[in-house]
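**Student:** Residues in the sequence shown are numbered from 755 upward in steps of one, following this note's numbering.
Beta carbons: idealized from backbone N, C-alpha and C, even for Gly.
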Amino acid sequence: MVYSQLSRAITPITAQPFRSGYREHSPHEALKPYIRCFWTSVNQNGRIIIPDLCADIIFDISNNTAFFCGVSDKAFISDKPAEIFGIRFYSWTAAMFAQDSMRQTLNGGFDLDVHFHKLKRELVPKLLYAESTEQRISLSEEFLINNLKERHCSIFSEALGEIMTLHGVCSLDDISKKLYISKRQLERIFSEYSGLSPKKAAMLVRYQNLWKDILSGKNFNAAEKALEYGYNDQSHMLNEFRRFHTVSPKRAREIAFSK
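1) According to the neighbour-count rule (16 or more other Cβ atoms, all chains shown, within 10 Å of its Cβ), is residue 830 buried or exposed?
2) May I ask you to report which of helix, strand or coil DSSP gives residue 795?
3) In or out: residue 756 buried (at least 16 other Cβ within 10 Å) or exposed?
4) Which of the three DSSP states, helix, strand or coil, is assigned to residue 819?
5) If we ignore side chains and look at the alpha-carbon of each, how far apart do residue 900 and residue 841 end up?
6) Using a 10 Å radius around the Cβ and a threshold of 16 neighbouring Cβ atoms, would you call residue 1010 buried or exposed?
7) Roughly how many angstroms lie between the CA atoms of residue 975 and residue 992, to the nearest whole one?
8) Take every Cβ of the region 816 to 825, pair it with every Cβ of the region 782 to 791, and state whether three or more of those distances are shorter than 8 Å.
9) Name the two residues that bound the continuous alpha helix (DSSP H) containing residue 848.
10) Give the C-beta separation of residue 891 and residue 913 to the nearest angstrom, bearing in mind that I take them to be a contact with Cβ-Cβ under 8 Å.
11) Whole angstroms are fine: how far does the CA of residue 801 sit from the CA of residue 833?
12) Alpha carbon to alpha carbon, how far is residue 881 from residue 948?
13) Could you spell out the range, first to last residue, of the alpha helix (DSSP H) harbouring residue 999?
14) Could you name the residues of the same chain whose beta carbon sits closer than 7 Å to that of residue 1013, not counting the 5 residues immediately before and after it, in chain order?
15) What's the gap between the Cα of residue 794 and the Cα of residue 845?
16) Run through the DSSP bridge pairs and tell me what residue 812 is partnered with.
17) Is it right to say residue 762 is buried, meaning 16 or more other beta carbons lie within 10 angstroms of its own, or is it exposed?
18) Look at the alpha carbon of residue 1008 and the alpha carbon of residue 934, and state the distance between them as a whole number of angstroms.
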């Protein structure tokens, strides 16, 4: 799959996409294969943040600071009460705008000097003193379009395509055999381009697909979903969901629709 197909194959969703004070903004058409969204948030303190297959550059407008958050595989509670503007990359596209690989970025927060020093030098000063969200989006789009690098790895995108097509119901062994590449090589490629292992990427794709189903349907049948998504049984599915979300599907849905 090419990046435009990957971005259409899954739509990562946060824990509270409908809450007041949080808003997502679609990027320019040229950036849609690479940028999940721009987003704004006011008073994020105490909010649950779940693994969403994305990495973010976060601008703390209140404190005039900016940093990079790598993709995560665990939930946490935000301690940011400030006004935030964010650029949300898909986990597989952040490397295309960076000056370093995504190795060892899982669950990490970094000064922009480490991976995005050009963005820090050229874009951050403009964003922190821009007067509106619209202006920040426009400035960000201009920078990102002008600095998109074709760091394309066909093995990486093909492997991701397999994972997406199968909704994460696959193993590292399955993918490496299909693409005629060693498991070790595949691990190295995924680490460089996303910070994830292939196994972890598949788990998060499955979790995000399950979360979308939970969020969109009132009549959620756990037994049916466990079978659909290749879990050993219903208990296995619920335990893995809690691992990534910290609560049960029912409670997660209640939180999602709370304001």
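**Tutor:** Once the coordinates are examined:
1) Counting from 1 along the sequence shown, the entry for residue 830 is found at position 76. Its Cβ having fewer than 16 others within 10 Å, residue 830 is exposed.
2) Start at 1 with the first residue of the sequence shown, and residue 795 comes out as number 41. Of the three classes helix, strand and coil, the one that applies to residue 795 here is strand, per DSSP.
3) Walking along the sequence shown from the start, residue 756 turns up at place 2. Its Cβ having fewer than 16 others within 10 Å, residue 756 is exposed.
4) The residue given as residue 819 occupies position 65 in the sequence shown. Three-state DSSP puts residue 819 in a strand.
5) Residue mapping note: residue 900 aligns to position 146 of the sequence shown, counting from 1. Residue mapping note: residue 841 aligns to position 87 of the sequence shown, counting from 1. So the alpha carbons of these two residues sit roughly 16 Å apart.
6) Translated into positions along the sequence shown, residue 1010 becomes position 256. Residue 1010 sits buried, since 16 or more C-beta atoms from the chains shown fall within 10 Å of its C-beta.
7) Locating residue 975 in the sequence shown gives position 221, counting from the first residue. Locating residue 992 in the sequence shown gives position 238, counting from the first residue. Approximately 12 Å between the Cα atoms of the pair.
8) no
9) Taking the sequence shown and counting its residues from 1, one reaches residue 848 at position 94. Note, residue 848: premise wrong, no alpha helix (DSSP H); not H, not E.
10) Position 137 of the sequence shown holds residue 891. Position 159 of the sequence shown holds residue 913. Residue 891 to residue 913, Cβ: 32 Å. No contact.
11) Residue 833 sits at position 79 when you count from the first residue of the sequence shown. Residue 801 sits at position 47 when you count from the first residue of the sequence shown. About 8 Å.
12) Position 127 of the sequence shown holds residue 881. Position 194 of the sequence shown holds residue 948. Roughly 26 Å between the two C-alpha positions.
13) As a working mapping, residue 999 is identified with position 245 in the sequence shown. Run containing residue 999: 988 to 999, per the alpha helix (DSSP H) assignment.
14) Reading the sequence shown from its first residue, position 259 is the one you call residue 1013. The answer, listed in chain order, is 773, 774.
15) As a position in the sequence shown, residue 794 is number 40, starting the count at 1. As a position in the sequence shown, residue 845 is number 91, starting the count at 1. If I take the Cα positions, the gap works out to 19 Å.
16) Position 58 of the sequence shown, counted from the first residue, corresponds to residue 812. Partner(s): 821, 840.
17) Taking the first residue of the sequence shown as 1, we reach residue 762 at position 8. Exposed is the call here.
18) Taking the sequence shown and counting its residues from 1, one reaches residue 1008 at position 254. Taking the sequence shown and counting its residues from 1, one reaches residue 934 at position 180. So the alpha carbons of these two residues sit roughly 44 Å apart.
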